[in-house]
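Protein chains in written order, with my numbering: chain C, 47 to 372; chain U, 103 to 599; chain R, 37 to 356. Backbone N, C-alpha and C fix where the C-beta goes; we use that ideal spot for every residue, glycine too. See below for the structure under consideration.
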Amino acid sequence: MKKKVMAILMAGILSAGLLAGCGSSSSSTSGSSDNAAAASTGAAAGGYKIALIQQHQTNAFQIGVSEAAEAKAKELGVDLTILSADQDAQKQISQIEQCVSEGYQAILFEPVDPDGLGDAAQAAADQGVVMINVISACTDWENHGISALSCGDNVTAGETEMQHVADLLGGKGKIAILTGPSGDAGGLQRLEGYENILKNYPDIEQVVEPADCQWDTAAAQGTVESWLSAYDLDAIVCENDGMAVGAGNAAGADSGIIITGVDGTPDGFEAIKDGRITGTVSQDGGAMAANGIEAACKLIDGETLENNTIITTNIWIDKENVADYE
Amino acid sequence: MEYILEMKNISKTFPGVKALDNVQLQVKPGEVHALMGENGAGKSTLMKILMGIYTKDEGGEILFDGKPYNPSNPKEAMDIGVAMIHQELNPILDMPVYENIFVGREIRRNGLVDKKAEIEESKRLIAECGLHVSPMELLRNLTVAQCQLIEIIKAISVNAKVIIMDEPTAAITDREVELLFGHIRRLREQGVAIIYISHRMDEIFNICDRISVYRDGTYIGTGETKDLDEPQLIKMMVGREITDVFPKAEAEIGEVVFEANHIVRADNKVKDVSISVRKGEILGIGGLVGAGRSELVEGIFGMHKLSQGEIIVKGKKVHVRSPRDIIKEGVALVTEDRKFTGLNLRGTVNDNIAMVAINKLLENGLYSKKKALAASKEYIEKLKIKTPSGDQIVGNLSGGNQQKVVIGKWLLNDPDIIILDEPTRGIDVGAKRDIYLLIGELVQQGKAVIMISSEIPELMGVCDRIAVMSEGVLSGELPRSEFSQEKIMTLASKIEV
Amino acid sequence: MKQDELKKGKDAKALLSEYFIFVIFIVIVIGLTILKPSFITPKNLVNILKQASINGILAFGMMFVIISGGFDMSVGSTVAFSGILAALLGQGNNPLVLALVAALLAGLGVGIVNGVGVAVGDLPPFIMTLGTMTAVRGLALLVSNGKPVIGMSEQYKAIAASSIAGIPMLAVFLVIVILICSFVLAKTVYGRRVYACGGNLQAARVAGINTTAIRISTFAIAGLLAGLSGFLMTSRVTIGQPTAAESYEMDAITACVVGGVSMTGGVGKPWGVVVGTLLITVIANGLDILGVSSHWQKIVKGLIIVLAVLIDVKGKSKKD
Numbered sequence: 047m048k049k050k051v052m053a054i055l056m057a058g059i060l061s062a063g064l065l066a067g068c069g070s071s072s073s074s075t076s077g078s079s080d081n082a083a084a085a086s087t088g089a090a091a092g093g094y095k096i097a098l099i100q101q102h103q104t105n106a107f108q109i110g111v112s113e114a115a116e117a118k119a120k121e122l123g124v125d126l127t128i129l130s131a132d133q134d135a136q137k138q139i140s141q142i143e144q145c146v147s148e149g150y151q152a153i154l155f156e157p158v159d160p161d162g163l164g165d166a167a168q169a170a171a172d173q174g175v176v177m178i179n180v181i182s183a184c185t186d187w188e189n190h191g192i193s194a195l196s197c198g199d200n201v202t203a204g205e206t207e208m209q210h211v212a213d214l215l216g217g218k219g220k221i222a223i224l225t226g227p228s229g230d231a232g233g234l235q236r237l238e239g240y241e242n243i244l245k246n247y248p249d250i251e252q253v254v255e256p257a258d259c260q261w262d263t264a265a266a267q268g269t270v271e272s273w274l275s276a277y278d279l280d281a282i283v284c285e286n287d288g289m290a291v292g293a294g295n296a297a298g299a300d301s302g303i304i305i306t307g308v309d310g311t312p313d314g315f316e317a318i319k320d321g322r323i324t325g326t327v328s329q330d331g332g333a334m335a336a337n338g339i340e341a342a343c344k345l346i347d348g349e350t351l352e353n354n355t356i357i358t359t360n361i362w363i364d365k366e367n368v369a370d371y372e
Numbered sequence: 103m104e105y106i107l108e109m110k111n112i113s114k115t116f117p118g119v120k121a122l123d124n125v126q127l128q129v130k131p132g133e134v135h136a137l138m139g140e141n142g143a144g145k146s147t148l149m150k151i152l153m154g155i156y157t158k159d160e161g162g163e164i165l166f167d168g169k170p171y172n173p174s175n176p177k178e179a180m181d182i183g184v185a186m187i188h189q190e191l192n193p194i195l196d197m198p199v200y201e202n203i204f205v206g207r208e209i210r211r212n213g214l215v216d217k218k219a220e221i222e223e224s225k226r227l228i229a230e231c232g233l234h235v236s237p238m239e240l241l242r243n244l245t246v247a248q249c250q251l252i253e254i255i256k257a258i259s260v261n262a263k264v265i266i267m268d269e270p271t272a273a274i275t276d277r278e279v280e281l282l283f284g285h286i287r288r289l290r291e292q293g294v295a296i297i298y299i300s301h302r303m304d305e306i307f308n309i310c311d312r313i314s315v316y317r318d319g320t321y322i323g324t325g326e327t328k329d330l331d332e333p334q335l336i337k338m339m340v341g342r343e344i345t346d347v348f349p350k351a352e353a354e355i356g357e358v359v360f361e362a363n364h365i366v367r368a369d370n371k372v373k374d375v376s377i378s379v380r381k382g383e384i385l386g387i388g389g390l391v392g393a394g395r396s397e398l399v400e401g402i403f404g405m406h407k408l409s410q411g412e413i414i415v416k417g418k419k420v421h422v423r424s425p426r427d428i429i430k431e432g433v434a435l436v437t438e439d440r441k442f443t444g445l446n447l448r449g450t451v452n453d454n455i456a457m458v459a460i461n462k463l464l465e466n467g468l469y470s471k472k473k474a475l476a477a478s479k480e481y482i483e484k485l486k487i488k489t490p491s492g493d494q495i496v497g498n499l500s501g502g503n504q505q506k507v508v509i510g511k512w513l514l515n516d517p518d519i520i521i522l523d524e525p526t527r528g529i530d531v532g533a534k535r536d537i538y539l540l541i542g543e544l545v546q547q548g549k550a551v552i553m554i555s556s557e558i559p560e561l562m563g564v565c566d567r568i569a570v571m572s573e574g575v576l577s578g579e580l581p582r583s584e585f586s587q588e589k590i591m592t593l594a595s596k597i598e599v
Numbered sequence: 037m038k039q040d041e042l043k044k045g046k047d048a049k050a051l052l053s054e055y056f057i058f059v060i061f062i063v064i065v066i067g068l069t070i071l072k073p074s075f076i077t078p079k080n081l082v083n084i085l086k087q088a089s090i091n092g093i094l095a096f097g098m099m100f101v102i103i104s105g106g107f108d109m110s111v112g113s114t115v116a117f118s119g120i121l122a123a124l125l126g127q128g129n130n131p132l133v134l135a136l137v138a139a140l141l142a143g144l145g146v147g148i149v150n151g152v153g154v155a156v157g158d159l160p161p162f163i164m165t166l167g168t169m170t171a172v173r174g175l176a177l178l179v180s181n182g183k184p185v186i187g188m189s190e191q192y193k194a195i196a197a198s199s200i201a202g203i204p205m206l207a208v209f210l211v212i213v214i215l216i217c218s219f220v221l222a223k224t225v226y227g228r229r230v231y232a233c234g235g236n237l238q239a240a241r242v243a244g245i246n247t248t249a250i251r252i253s254t255f256a257i258a259g260l261l262a263g264l265s266g267f268l269m270t271s272r273v274t275i276g277q278p279t280a281a282e283s284y285e286m287d288a289i290t291a292c293v294v295g296g297v298s299m300t301g302g303v304g305k306p307w308g309v310v311v312g313t314l315l316i317t318v319i320a321n322g323l324d325i326l327g328v329s330s331h332w333q334k335i336v337k338g339l340i341i342v343l344a345v346l347i348d349v350k351g352k353s354k355k356d
């Protein structure tokens, strides 16, 4: 008997924990629905009802996306609901279907899987919902009922980063690359950007194979520590800021090694300020979401877009200008 | 062809131990051939070689039906025609009876398991065996005895020419033993040879045609049962004569030190039983398997919930919620199933000896390996435990020695009341005698002993008083002056109407 | 006479099989040194110590749980959660002890919940800790709002970066944990009871051991050490990340198993876990400095682990 009670109690504690966990994803939603409630009176007077479905909400980049989207929604009087697909394509499909049946006028989404969501987008568009890709695109998105794509460009981001590294090195030196999980689409595109630049610099030598550090600071830190005891490196080029911070920790502040990242997250900025990393390329996810919402409003109003691919530009951030972006 | 099976000059060396030294065995078709010897004599090793579980050392040969026989695993042995019923049963508890019978050699049709045929065949085999269970019943719901018979059915159904039975009657009732012997005789008539391992003399003389005796890994001899008697056999096994099988020490019987009154178990396996024991007294608890004897002592010891009952140790009422509460009061329980509830088989002899009374092995509040070694050395000597050292893993010891380790672990705690549940099950004559002598010593020291046993002669030989249980209730109690086989049997089979 | 000779032969063999994993470790170290002499430089040895520390501390917690017959999937999440708490409290001018205590208490709390669920609620350890693994990861994300926590005080960052007499501070923590844990397991009544519970839970209960308390305590120890790891992890990477320490429980379990801790409980020696931890760290470090690509690293790491244990197990089974 006692055991049973305990088991139930445990289950209770657990589920409370889980609920609390869920709360993290819904907290931004509830925040926005407060806005929505405020705005919903305005919605009757021609406001917009829009959903944003994010890939996940577990890192600074994605949280930045949520926050910027909420700000933009407030500005434009949009009734915005933010959902997280938690990296699950199936979940994202159901979320799109749910939003269609709940009468959203537009759905913005970052596809969990570029190939798996085309049909769901097409089905939603057939119901008259404005579908917009943000941050990354579905394969062949224009033929799947998707009206617009608001994104940065990972290849360009990679090019921007590597170009700065090449300039700082004076076109000559030994470098190493840290990548995200092998097979990650964004990571591969950034790598492509690196290669596009490296073609032009025969004197820049990659002394080790790119290491897969899973976007993780601690993993990057361990790998770079090991490298530094065996190789003389002039630069370490990282596919995100988290790994750049790890590399920076391993090398120490003002090490003379050029260490760069992508994303422009707060931990990256902190490391730039204290000299552990050299610079980062900002992928302004917030701007992508905001641009997407703006485009959605225009399309709902029946206007047309000048260009249905909206590219958010990359910015190089280093010690000089970091204060402007915090 | 005189012999169906011949094992010649078999040796087996384990690191540090020569388990078998040049031994032999010849078995004729259609005979029941007993293997006898104390634990550690090498019987089990010899049989494991026969089943392909161990490989014998170079040299020596095995002939089966005149042909060389060298199985590399039990499946191969079974395919050739040798099956074994193990002492420790390994039934798959959540499988129905029919699947247990056919596991590993399923009846197939079109490559799939033919469930219907398996059920039909099982039904026939079960009926032949005089057992009343459905083939669909899960093994979990069967008694130990029924599981044992299923195991026997399994071996019979392989159509083996040689069946090894290792202590097949250890856990079954007398009625079931008779049924089993019926089967053995029938198999014998069909020309099947049975290799029969048992420590029970009466069974050996009842059923076996010939007997081979081993001692300390060597072969002593083989003889016709009709030419041998019990003292001769014991002498062959232990290498010396044992005059009194049940040595009875004289001890002074004092006041009542332990009482359990109106014990009712929550699962109703024990219904309102009261027992008590005096200082210096040996109380026996007799009855058939399943009468609720182990259930009673396990209930008293806090291993199972009681719905009613009062436990008084040395005049003090004890509220028992877990074994800890009663151990503190100086009570010990040597459980029936040493593998499940008695020993840490992965631990060393030291570890096990230290399990209960580790507080006696401390130095400055810390566990002292030195003291543990000294303690285990003391019990190794006192209880004649055959082990190379206290650092030996208990799982590598023979059954009798394992049992002695369990007893040693409790003795270290210096208990006043010692409950022994089937302390001599599955162990050899020599080790049994050691345990009887030990019980005698304990009561002489003023301790009280409660001993459960299924062997009536043992109870009669050792105890001062016998309480008999039947179907969860106490059916009667006999003082030593009134002991007789008949009276005990009558009480044991008394069924409440 | 014969027996004595046999015994001697056995001892040499047994000794070899018992310390086989150590032999494998030495062989790998020698091999790496030949392939890449910079592997053995003092600087890289310091790296190895640093890299082994956090996994080592986790592995020692895991060892208690596994020896007592359990299993803990939640330590990675617990590291992240306690690391986030430590990061939040380690900002600005808060006294450092606040962050440390919060991280330890958070870890201890998760451990006790695990232990109670397993020992009292009778849930299988795998299921119970799988539940907390997910829930605690959620807590980490909730508390940090999904973002990395920055702005740790210099004093806090300095812990992992500093060293005493050339020995990195992280390794000092590891050594302290190793010494305390080895002492507790070998020398205290409690330690012996942990082995007894894992060897045969029923027999331990019948022998009067409070098995419920022992089992809860082993999970609590694992949780406490995960909390300590979280505190150190945050100091090492200088940020608190809710997504950190993903699948660290697997590395800890690997270190235990490679080090000879039996997954069925009751068997395991602290020094084995030390070698296990060093072995997997050395493999990762060695492959990094050899510049082996990540894809190959995964394959090599997996193979070496399986082979090491296989050879070890085979070596031992010959004994019986």
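query, result
"Taking C-alpha atoms, which residue in U:I336, U:P425, U:P237, U:A219 lies nearest to I245 of chain R?", "U:P425"
"From the DSSP secondary-structure annotation, give me the bridge partner or partners of A152 of chain C.", "C:I96, C:V176"
"If you count every other CB in all the chains shown that lies within 10 Å of the CB of G182 of chain R, and 16 or more means buried, which is it?", "buried"
"Three or more beta-carbon pairs under 8 Å between the region 100-115 of chain C and the region 354-371 of chain C, yes or no?", "no"
"Within 9 Å (strictly less), CB to CB, does N175 of chain U reach chain R?", "no"
"Out of curiosity, what's the CA-to-CA distance linking A280 of chain R and G112 of chain R?", "8 Å"
"Span of the alpha helix (DSSP H) holding Y171 of chain U?", "Neither: Y171 of chain U is in no alpha helix (DSSP H) and is coded neither H nor E."
"Give the DSSP-derived three-state secondary structure of Y277 of chain C in the structure shown.", "coil"
"Output needed in chain order: residues of the region 322-335 of chain R with a Cβ under 9 Å from some Cβ in chain C.", "G322, L323, D324, I325, L326, G327, V328, S329, S330, H331, W332, Q333, K334"
"Hey, is the region 335-354 of chain U in contact with the region 541-548 of chain U, meaning 3+ C-beta pairs nearer than 8 Å?", "yes"
"Report the CB separation of A167 of chain C from C184 of chain C in whole angstroms; it is logged as a contact under 8 Å.", "6 Å"
"Where does E285 of chain R fall in DSSP's three states?", "helix"
"Check whether the Cβ atoms of F283 of chain U and I306 of chain U sit closer than 9 Å, and answer yes or no.", "no"
"Which whole runs of the beta strand (DSSP E) in the region 198-275 of chain U are 3 residues long or more, in chain order?", "264-268"
"Expressed to the nearest angstrom, what Euclidean distance is found between the alpha-carbon atoms of G510 of chain U and A344 of chain R?", "38 Å"
"In terms of alpha-carbon separation, which member of U:M571, U:P517, U:I336, U:V358 lies closest to M138 of chain U?", "U:I336"
"Under a CB-based cut-off of 9 Å, is G239 of chain C close to chain R?", "no"
"Between the alpha carbons of E316 of chain C and G126 of chain R, how many angstroms are there, rounded?", "15 Å"
"Along the region 62-81 of chain R, what residues have a CB closer than 7 Å to any CB found in chain C?", "K72, S74, T77, K79, N80"
"Beta-carbon of V291 of chain C versus every beta-carbon of chain R: anything under 9 Å?", "yes"
"Taking C-beta pairs closer than 7 Å, name the residues in chain U that Y231 of chain R reaches, listed in chain order.", "G449, D453"
"Does any residue of chain U have a CB that is nearer than 9 Å to the CB of S253 of chain R?", "no"
"Any Cβ of chain U within less than 9 Å of the Cβ of L42 of chain R?", "The predicted model places L42 of chain R with a pLDDT of 45, which falls under 50 and marks its position as unreliable, so this point remains unresolved."
"Pairs of beta-carbons, one from the region 555-571 of chain U and one from the region 378-397 of chain U, closer than 8 Å: are there three or more?", "yes"
"Do three or more CB pairs link the region 103-123 of chain U to the region 117-132 of chain C at distances below 8 Å?", "no"
"Over the uninterrupted beta strand (DSSP E) stretch that includes N124 of chain U, give me the two end residues.", "119-129"
"What ranges does the beta strand (DSSP E) occupy inside the region 505-588 of chain U, keeping only unbroken runs of at least 3 residues that lie completely in it?", "519-523, 550-554, 567-572, 575-581"
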